[in-house]
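Colleague:
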Amino acid sequence: MGSEIYHLDANGVSYTTDRAWREVVSRGWSREDVRAVLGQVPDLVPQGPLEQRPHKLSYFGDAATARRVRGRLDAAGLAASIIHSHGRYLDVLPPAASKGTAVDHVRALYGLAEGNVFVAGDSGNDVEMLRVRRQAIIVANFSDDLATHAALGHSYVARASHARGVIEGVAHFRKTPVHAG
Numbered sequence: 011m012g013s014e015i016y017h018l019d020a021n022g023v024s025y026t027t028d029r030a031w032r033e034v035v036s037r038g039w040s041r042e043d044v045r046a047v048l049g050q051v052p053d054l055v056p057q058g059p060l061e062q063r064p065h066k067l068s069y070f071g072d073a074a075t076a077r078r079v080r081g082r083l084d085a086a087g088l089a090a091s092i093i094h095s096h097g098r099y100l101d102v103l104p105p106a107a108s109k110g111t112a113v114d115h116v117r118a119l120y121g122l123a124e125g126n127v128f129v130a131g132d133s134g135n136d137v138e139m140l141r142v143r144r145q146a147i148i149v150a151n152f153s154d155d156l157a158t159h160a161a162l163g164h165s166y167v168a169r170a171s172h173a174r175g176v177i178e179g180v181a182h183f184r185k186t187p188v189h190a191g
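Residues in the sequence shown are numbered consecutively from 11, following my numbering.
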């Protein structure tokens, strides 16, 4: 969801949290205040403990529930991003946390040129990231009517699903064949 970034350690086995990113997403985020307000929203069901993170609260809820969540948070003066996807998942994140801003952070950190960055997605929780990247790939197993989203007309819609769809999309943008094996 863009709320956490980890970097592979030199040993090639373990990962370390990106502390600078954690500081960015922590600004303006009051997890406990948000959780308390959302505890009063009817039909909002928390997902299991493994889905809850310091910078992400995850729930089950429909589109109407997502609108109620937005209204309650606005009324309480709490800044947060609300991402509703797959018709039933509802994630609440700090305002600075998103897949798109996380990609920007990593790109800047490693000095990657825009033309060397590809993003791929399959659902509504990827819209923001896909919208802001030139080389955006929508894999064939998409949901949430992603391929017809008005802001994603520049995206390549792959015929293949999952990783093969990503490889197909990279080949499309690179204009050279890539063999998935």
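We put the CB at the ideal spot given by N, CA and C, even for glycine.
In the DSSP assignment, find the unbroken alpha helix (DSSP H) run with residue 43 in it and report its ends.
Modeller: Taken as a continuous stretch (DSSP letters only), the alpha helix (DSSP H) holding residue 43 covers 41-48.
Colleague: From the DSSP output, read off the bridge partner residues of residue 94.
Modeller: Per DSSP, 100.
Colleague: Going by DSSP, name the residue or residues bridged to residue 70.
Modeller: In the DSSP output, where bridge partners are listed per residue, residue 70 has 55 and 99.
Colleague: Suppose contacts are defined by Cβ-Cβ distances below 9 Å. Is residue 175 in contact with residue 150 by that definition?
Modeller: In contact: residue 175 and residue 150 (Cβ atoms closer than 9 Å).
Colleague: Going by C-alpha to C-alpha distance, which of 54, 135, 122 and 59 sits closest to residue 69?
Modeller: Closest option to residue 69, Cα to Cα, is 54.
Colleague: May I ask you to list the residues that DSSP assigns as paired with residue 15?
Modeller: Residue 15 is not bridged to any residue.
Colleague: Are the region 15-31 and the region 43-50 in contact at 8 Å, needing three or more beta carbon pairs?
Modeller: No, the region 15-31 does not touch the region 43-50.
Colleague: CB residue 162 to CB residue 137, shorter than 9 Å?
Modeller: For residue 162 and residue 137, yes; Cβs fall inside 9 Å.
Colleague: Tell me the DSSP secondary structure of residue 77 in three-state form.
Modeller: Helix at residue 77.
Colleague: With respect to the beta strand (DSSP E) encompassing residue 111, which residues constitute its N-terminal and C-terminal limits?
Modeller: Unbroken run through residue 111 is the alpha helix (DSSP H), 109-120; no beta strand (DSSP E).
Colleague: My assumption, with CB atoms under 8 Å, is that residue 109 sits in contact with residue 12. Please give the rounded CB distance.
Modeller: With 8 Å as the limit, residue 109 and residue 12 qualify as a contact, their Cβ atoms being about 4 Å apart.
Colleague: For residue 106, count the other beta carbons within 10 Å of its own beta carbon; 16 or more makes it buried, fewer makes it exposed. Which is it?
Modeller: Buried: at least 16 other Cβ atoms inside 10 Å.
Colleague: Comparing C-alpha positions only, which one of 173, 21 and 84 sits nearest to residue 128?
Modeller: The residue with the shortest Cα to Cα distance from residue 128 is 173.
Colleague: According to DSSP, what are the bridge partners of residue 63?
Modeller: The partner list for residue 63 (beta bridge, DSSP) reads 66.
Colleague: Helix, strand or coil for residue 176 per DSSP?
Modeller: DSSP places residue 176 in helix when its eight states are reduced to three.
Colleague: How far does the beta strand (DSSP E) with residue 129 in it extend, from its first residue to its last?
Modeller: Start and end: 129-131.
Colleague: Would you call residue 97 buried or exposed, if buried means 16 or more other Cβ atoms sit within 10 Å of its Cβ?
Modeller: The residue is exposed, with fewer than 16 neighbouring Cβ atoms inside 10 Å.
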